[in-house]
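Read the structure below first, then the notes.
In the numbering used here, the protein residues as written are 361 to 674.
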(Lines of atoms letter the chains of each structure in order from A; the text may use other names.)
(Lines give C-alpha, C1' and ligand atoms only; values in the text may rest on other atoms or scores of the structure.)
Protein backbone atom coordinates (compact mmCIF):
# COMPACT_ATOMS: atom_id res chain seq x y z
CA UNK A 361 0.00 0.00 0.00
CA UNK A 362 2.86 2.39 0.76
CA UNK A 363 4.19 1.84 -2.75
CA UNK A 364 0.78 2.70 -4.20
CA UNK A 365 0.63 5.91 -2.20
CA UNK A 366 4.13 6.78 -3.40
CA UNK A 367 3.08 6.37 -7.02
CA UNK A 368 -0.04 8.46 -6.45
CA UNK A 369 2.14 11.24 -5.06
CA UNK A 370 4.53 10.96 -8.01
CA UNK A 371 1.62 11.05 -10.45
CA UNK A 372 0.20 14.12 -8.69
CA UNK A 373 3.27 16.14 -9.76
CA UNK A 374 1.84 16.22 -13.29
CA UNK A 375 -1.62 17.77 -12.71
CA UNK A 376 -0.20 20.23 -10.20
CA UNK A 377 2.35 21.38 -12.77
CA UNK A 378 -0.27 21.46 -15.53
CA UNK A 379 -2.57 23.47 -13.28
CA UNK A 380 -0.05 26.30 -13.40
CA UNK A 381 0.40 26.00 -17.18
CA UNK A 382 -2.84 27.78 -18.13
CA UNK A 383 -1.88 30.79 -16.03
CA UNK A 384 1.68 30.97 -17.38
CA UNK A 385 0.49 30.55 -20.99
CA UNK A 386 -2.23 33.16 -20.65
CA UNK A 387 -0.09 35.68 -18.76
CA UNK A 388 3.36 35.39 -20.30
CA UNK A 389 3.45 33.51 -23.60
CA UNK A 390 2.76 35.19 -26.95
CA UNK A 391 -0.79 34.92 -28.27
CA UNK A 392 -1.58 33.95 -31.86
CA UNK A 393 1.16 31.34 -32.25
CA UNK A 394 -0.22 28.08 -30.85
CA UNK A 395 1.81 25.83 -33.16
CA UNK A 396 5.11 27.51 -32.36
CA UNK A 397 4.13 27.59 -28.70
CA UNK A 398 3.51 23.85 -28.72
CA UNK A 399 6.74 23.11 -30.61
CA UNK A 400 8.84 25.29 -28.30
CA UNK A 401 7.30 23.47 -25.35
CA UNK A 402 7.74 19.92 -26.66
CA UNK A 403 11.07 19.78 -28.46
CA UNK A 404 13.40 21.21 -25.77
CA UNK A 405 11.68 19.06 -23.13
CA UNK A 406 12.25 15.95 -25.23
CA UNK A 407 15.90 16.80 -25.79
CA UNK A 408 16.35 17.38 -22.06
CA UNK A 409 14.95 13.94 -21.21
CA UNK A 410 16.97 12.38 -24.03
CA UNK A 411 20.14 13.83 -22.49
CA UNK A 412 19.20 12.20 -19.19
CA UNK A 413 18.37 8.84 -20.77
CA UNK A 414 20.39 8.26 -23.92
CA UNK A 415 18.27 5.59 -25.54
CA UNK A 416 17.03 5.31 -29.10
CA UNK A 417 13.83 3.63 -30.29
CA UNK A 418 13.87 0.40 -32.24
CA UNK A 419 11.38 -1.57 -34.33
CA UNK A 420 7.75 -0.59 -33.84
CA UNK A 421 8.71 2.19 -31.42
CA UNK A 422 9.65 4.41 -34.37
CA UNK A 423 6.02 4.68 -35.50
CA UNK A 424 4.58 4.39 -32.00
CA UNK A 425 6.64 7.40 -30.91
CA UNK A 426 5.16 9.39 -33.79
CA UNK A 427 1.58 8.36 -32.99
CA UNK A 428 1.99 9.11 -29.29
CA UNK A 429 3.91 12.29 -30.09
CA UNK A 430 0.89 13.59 -32.00
CA UNK A 431 -1.74 12.48 -29.47
CA UNK A 432 0.05 13.30 -26.21
CA UNK A 433 2.32 16.14 -27.24
CA UNK A 434 2.12 17.92 -30.59
CA UNK A 435 -1.60 18.02 -31.29
CA UNK A 436 -2.51 18.18 -27.62
CA UNK A 437 -0.15 21.06 -26.84
CA UNK A 438 -1.40 23.09 -29.79
CA UNK A 439 -5.04 22.61 -28.76
CA UNK A 440 -4.32 23.46 -25.13
CA UNK A 441 -2.44 26.56 -26.24
CA UNK A 442 -5.47 27.66 -28.30
CA UNK A 443 -7.81 26.96 -25.38
CA UNK A 444 -5.63 28.89 -22.94
CA UNK A 445 -5.66 31.93 -25.21
CA UNK A 446 -9.41 31.83 -25.96
CA UNK A 447 -10.93 30.70 -22.68
CA UNK A 448 -10.71 31.75 -19.05
CA UNK A 449 -8.72 29.28 -16.99
CA UNK A 450 -11.88 28.26 -15.12
CA UNK A 451 -13.72 27.25 -18.29
CA UNK A 452 -10.80 25.37 -19.82
CA UNK A 453 -10.12 23.49 -16.58
CA UNK A 454 -13.80 22.57 -16.19
CA UNK A 455 -13.93 21.00 -19.65
CA UNK A 456 -10.73 19.06 -19.02
CA UNK A 457 -12.23 17.75 -15.75
CA UNK A 458 -14.14 15.20 -17.84
CA UNK A 459 -10.85 13.44 -18.65
CA UNK A 460 -11.21 10.78 -15.88
CA UNK A 461 -14.39 9.49 -17.51
CA UNK A 462 -12.76 9.45 -20.95
CA UNK A 463 -9.69 7.64 -19.61
CA UNK A 464 -11.81 5.04 -17.80
CA UNK A 465 -13.87 4.24 -20.89
CA UNK A 466 -10.86 4.07 -23.22
CA UNK A 467 -8.92 1.95 -20.69
CA UNK A 468 -11.89 -0.43 -20.52
CA UNK A 469 -11.77 -0.84 -24.30
CA UNK A 470 -7.99 -0.97 -24.83
CA UNK A 471 -6.40 -2.46 -21.70
CA UNK A 472 -9.36 -4.34 -20.19
CA UNK A 473 -9.57 -2.19 -17.04
CA UNK A 474 -13.28 -2.16 -16.34
CA UNK A 475 -14.23 0.72 -14.03
CA UNK A 476 -16.24 -0.18 -10.98
CA UNK A 477 -18.92 1.90 -9.27
CA UNK A 478 -16.58 3.73 -6.90
CA UNK A 479 -14.24 5.14 -9.60
CA UNK A 480 -17.27 6.13 -11.70
CA UNK A 481 -18.85 7.78 -8.67
CA UNK A 482 -15.55 9.53 -8.03
CA UNK A 483 -15.45 10.81 -11.61
CA UNK A 484 -18.98 12.20 -11.30
CA UNK A 485 -18.18 13.80 -7.94
CA UNK A 486 -14.97 15.25 -9.33
CA UNK A 487 -16.69 16.87 -12.31
CA UNK A 488 -19.34 18.28 -9.99
CA UNK A 489 -16.69 19.62 -7.64
CA UNK A 490 -14.79 21.31 -10.47
CA UNK A 491 -18.01 22.93 -11.67
CA UNK A 492 -18.71 24.23 -8.17
CA UNK A 493 -15.18 25.61 -7.87
CA UNK A 494 -14.94 27.27 -11.24
CA UNK A 495 -18.28 27.96 -12.91
CA UNK A 496 -20.08 31.12 -11.85
CA UNK A 497 -22.57 31.44 -14.68
CA UNK A 498 -21.15 34.81 -15.72
CA UNK A 499 -18.26 33.67 -17.94
CA UNK A 500 -18.69 33.85 -21.70
CA UNK A 501 -17.12 30.89 -23.45
CA UNK A 502 -15.62 31.16 -26.92
CA UNK A 503 -16.93 28.23 -28.98
CA UNK A 504 -13.55 27.78 -30.65
CA UNK A 505 -11.88 27.42 -27.28
CA UNK A 506 -14.50 24.93 -26.10
CA UNK A 507 -13.97 22.79 -29.21
CA UNK A 508 -10.20 22.98 -28.75
CA UNK A 509 -10.49 21.85 -25.13
CA UNK A 510 -12.83 18.98 -26.00
CA UNK A 511 -10.53 17.81 -28.80
CA UNK A 512 -7.51 18.02 -26.49
CA UNK A 513 -9.36 16.00 -23.85
CA UNK A 514 -10.25 13.22 -26.29
CA UNK A 515 -6.86 13.13 -27.97
CA UNK A 516 -4.83 13.03 -24.76
CA UNK A 517 -7.05 10.41 -23.09
CA UNK A 518 -6.55 8.07 -26.05
CA UNK A 519 -2.82 8.81 -26.11
CA UNK A 520 -2.39 8.13 -22.40
CA UNK A 521 -4.06 4.73 -22.60
CA UNK A 522 -2.07 3.77 -25.69
CA UNK A 523 1.08 4.76 -23.78
CA UNK A 524 -0.04 2.47 -20.97
CA UNK A 525 -0.73 -0.38 -23.39
CA UNK A 526 2.51 -0.06 -25.34
CA UNK A 527 4.85 1.00 -22.56
CA UNK A 528 5.69 -2.32 -20.89
CA UNK A 529 9.37 -3.10 -21.28
CA UNK A 530 10.45 0.45 -22.13
CA UNK A 531 12.16 3.08 -20.02
CA UNK A 532 9.78 5.84 -18.94
CA UNK A 533 12.16 8.76 -19.49
CA UNK A 534 13.38 7.49 -22.85
CA UNK A 535 9.91 6.79 -24.28
CA UNK A 536 8.65 10.15 -23.00
CA UNK A 537 11.59 11.92 -24.65
CA UNK A 538 10.87 10.36 -28.02
CA UNK A 539 7.20 11.27 -27.84
CA UNK A 540 8.12 14.88 -27.10
CA UNK A 541 10.75 15.02 -29.85
CA UNK A 542 8.42 13.44 -32.42
CA UNK A 543 5.62 15.83 -31.53
CA UNK A 544 7.91 18.86 -31.64
CA UNK A 545 9.50 17.91 -34.97
CA UNK A 546 6.11 17.37 -36.58
CA UNK A 547 4.92 20.75 -35.34
CA UNK A 548 7.85 22.85 -36.57
CA UNK A 549 7.19 22.67 -40.36
CA UNK A 550 3.46 23.04 -39.77
CA UNK A 551 4.07 26.11 -37.63
CA UNK A 552 6.33 27.63 -40.28
CA UNK A 553 3.73 27.04 -43.00
CA UNK A 554 0.74 28.32 -41.03
CA UNK A 555 2.19 30.97 -38.72
CA UNK A 556 5.22 32.20 -40.68
CA UNK A 557 8.18 33.44 -38.71
CA UNK A 558 8.55 32.42 -35.05
CA UNK A 559 7.11 34.90 -32.55
CA UNK A 560 9.42 37.39 -30.88
CA UNK A 561 10.06 36.47 -27.27
CA UNK A 562 10.71 39.01 -24.53
CA UNK A 563 12.26 38.20 -21.18
CA UNK A 564 9.04 37.09 -19.43
CA UNK A 565 8.14 34.87 -22.41
CA UNK A 566 11.56 33.19 -22.32
CA UNK A 567 11.19 32.52 -18.60
CA UNK A 568 7.63 31.34 -19.15
CA UNK A 569 8.70 28.88 -21.83
CA UNK A 570 11.54 27.71 -19.59
CA UNK A 571 9.10 26.89 -16.82
CA UNK A 572 6.61 25.24 -19.15
CA UNK A 573 9.34 23.17 -20.81
CA UNK A 574 11.16 21.90 -17.72
CA UNK A 575 8.43 21.69 -15.08
CA UNK A 576 5.07 21.48 -16.86
CA UNK A 577 6.36 19.21 -19.63
CA UNK A 578 9.53 17.20 -18.99
CA UNK A 579 9.01 16.59 -15.27
CA UNK A 580 5.21 16.43 -15.46
CA UNK A 581 4.97 13.91 -18.30
CA UNK A 582 7.67 11.67 -16.85
CA UNK A 583 5.74 11.55 -13.57
CA UNK A 584 2.39 11.03 -15.33
CA UNK A 585 3.58 8.16 -17.52
CA UNK A 586 5.33 6.56 -14.54
CA UNK A 587 2.01 6.65 -12.71
CA UNK A 588 0.27 5.00 -15.65
CA UNK A 589 2.79 2.15 -15.45
CA UNK A 590 1.94 1.37 -11.83
CA UNK A 591 -1.63 2.54 -11.25
CA UNK A 592 -4.96 1.81 -12.92
CA UNK A 593 -6.13 4.42 -15.41
CA UNK A 594 -9.11 5.20 -13.17
CA UNK A 595 -6.80 6.25 -10.34
CA UNK A 596 -4.52 8.29 -12.60
CA UNK A 597 -7.48 10.05 -14.21
CA UNK A 598 -8.92 11.05 -10.85
CA UNK A 599 -5.52 12.28 -9.61
CA UNK A 600 -5.60 14.52 -12.68
CA UNK A 601 -8.42 16.48 -11.02
CA UNK A 602 -5.70 18.21 -9.01
CA UNK A 603 -5.18 20.30 -12.16
CA UNK A 604 -8.16 22.65 -11.58
CA UNK A 605 -7.61 22.55 -7.81
CA UNK A 606 -4.14 23.94 -8.43
CA UNK A 607 -5.65 26.66 -10.62
CA UNK A 608 -7.99 27.77 -7.84
CA UNK A 609 -5.25 27.78 -5.21
CA UNK A 610 -2.94 29.62 -7.60
CA UNK A 611 -5.59 32.32 -7.92
CA UNK A 612 -5.51 32.72 -4.15
CA UNK A 613 -1.74 33.04 -4.05
CA UNK A 614 -1.15 35.17 -7.17
CA UNK A 615 -4.30 37.28 -7.40
CA UNK A 616 -5.14 37.42 -3.71
CA UNK A 617 -8.53 35.78 -4.28
CA UNK A 618 -10.45 34.27 -1.37
CA UNK A 619 -12.31 30.98 -1.43
CA UNK A 620 -16.10 31.17 -1.29
CA UNK A 621 -18.22 28.57 0.48
CA UNK A 622 -19.19 27.19 -2.93
CA UNK A 623 -15.54 26.78 -3.94
CA UNK A 624 -14.71 25.11 -0.63
CA UNK A 625 -17.53 22.61 -1.19
CA UNK A 626 -16.22 21.96 -4.69
CA UNK A 627 -12.70 21.46 -3.39
CA UNK A 628 -13.94 18.92 -0.83
CA UNK A 629 -15.84 17.06 -3.57
CA UNK A 630 -12.75 16.86 -5.77
CA UNK A 631 -10.54 15.59 -2.96
CA UNK A 632 -13.22 13.06 -2.05
CA UNK A 633 -13.33 11.93 -5.68
CA UNK A 634 -9.58 11.29 -5.66
CA UNK A 635 -9.93 9.25 -2.47
CA UNK A 636 -12.66 7.13 -4.07
CA UNK A 637 -10.23 6.15 -6.80
CA UNK A 638 -7.28 5.45 -4.52
CA UNK A 639 -5.53 2.11 -5.05
CA UNK A 640 -6.40 -0.70 -2.69
CA UNK A 641 -3.83 -2.84 -0.97
CA UNK A 642 -3.80 -4.96 -4.12
CA UNK A 643 -2.81 -2.02 -6.31
CA UNK A 644 -6.19 -1.15 -7.85
CA UNK A 645 -9.18 0.97 -6.89
CA UNK A 646 -12.24 -0.91 -5.74
CA UNK A 647 -14.20 -2.37 -8.60
CA UNK A 648 -11.47 -2.12 -11.22
CA UNK A 649 -10.37 -5.40 -12.77
CA UNK A 650 -6.92 -5.20 -14.24
CA UNK A 651 -5.90 -7.88 -16.70
CA UNK A 652 -2.63 -6.55 -18.08
CA UNK A 653 0.72 -6.05 -16.33
CA UNK A 654 1.85 -2.57 -15.44
CA UNK A 655 5.45 -2.19 -16.62
CA UNK A 656 8.81 -1.08 -15.28
CA UNK A 657 9.58 1.20 -12.38
CA UNK A 658 10.47 4.79 -13.10
CA UNK A 659 14.19 4.74 -13.81
CA UNK A 660 14.37 1.01 -14.54
CA UNK A 661 16.29 0.50 -17.72
CA UNK A 662 16.77 -1.96 -20.52
CA UNK A 663 20.15 -2.44 -22.16
CA UNK A 664 21.81 0.90 -22.73
CA UNK A 665 21.47 2.40 -26.19
CA UNK A 666 18.11 1.04 -27.35
CA UNK A 667 14.47 0.83 -26.40
CA UNK A 668 13.37 -2.80 -26.78
CA UNK A 669 10.63 -3.49 -29.27
CA UNK A 670 7.64 -4.79 -27.28
CA UNK A 671 6.44 -6.64 -30.37
CA UNK A 672 9.57 -8.78 -30.49
CA UNK A 673 9.51 -12.20 -28.89
CA UNK A 674 12.52 -14.17 -27.63
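All residues carry an ideal CB built from backbone N, CA and C; glycine is no exception.
Check, Outcome
"If the criterion is Cβ atoms closer than 8 Å, does the pair residue 379 and residue 606 meet it?", "yes"
"On the three-state DSSP scale, how would you describe residue 371?", "helix"
"Who are the Cβ neighbours of residue 435 in its own chain at under 7 Å, not counting the five residues just before and after it?", "515"
"Pairing CB atoms from the stretch 420-430 with CB atoms from the stretch 516-525, are three or more of them under 8 Å?", "yes"
"Using 10 angstroms around the beta-carbon of residue 560, count the other beta-carbons present and answer buried if the total reaches 16, otherwise exposed.", "exposed"
"Shortest alpha-carbon distance to residue 447 belongs to which of 625, 506, 544?", "506"
"So, with DSSP's three-state summary, where would you put residue 675?", "Residue 675 cannot be examined here, being either before or after the span of the chain that is shown, 361 to 674."
"Within a Cβ cutoff of 6 Å, which residues of the same chain sit near residue 392, ignoring the five residues on either side of it in sequence?", "none"
"Roughly how many whole angstroms lie between the Cα atoms of residue 442 and residue 394?", "6 Å"
"When DSSP labels each residue in this structure, what does residue 733 get in the three-state scheme?", "Lying outside 361 to 674, the shown extent of the chain, residue 733 is not represented and no answer is given."
"Alpha carbon to alpha carbon, how far is residue 592 from residue 635? Give it in angstroms, no decimals.", "14 Å"
"Considering just the uninterrupted stretch of the alpha helix (DSSP H) at residue 559, what are its terminal residues?", "That residue, residue 559, is in no alpha helix (DSSP H); it is neither H nor E in DSSP."
"Any idea what DSSP makes of residue 604, helix, strand or coil?", "helix"
"Please state whether the Cβ-Cβ distance between residue 585 and residue 389 is less than 8 Å.", "no"
"Buried or exposed for residue 556, please, with buried defined as at least 16 other CB atoms from any protein chain shown within 10 angstroms of its CB.", "exposed"
"For residue 459, collect the residues of the same chain with a Cβ closer than 8 Å to its Cβ; drop the 5 residues on either side in sequence, then sort them by chain order.", "513, 516, 517, 597, 600"
"Taking DSSP as the reference, what is the three-state secondary structure of residue 483?", "helix"
"Rounded to a whole number of angstroms, what is the C-alpha to C-alpha distance between residue 366 and residue 445?", "35 Å"
"Taking 8 Å as the cut-off, decide whether the C-beta atoms of residue 583 and residue 409 are in contact.", "no"
"To the nearest whole angstrom, what separates the beta carbons of residue 622 and residue 527, a pair I think is in contact under 8 Å?", "The pair is not a contact, with the Cβ atoms about 40 Å apart (cut-off 8 Å)."
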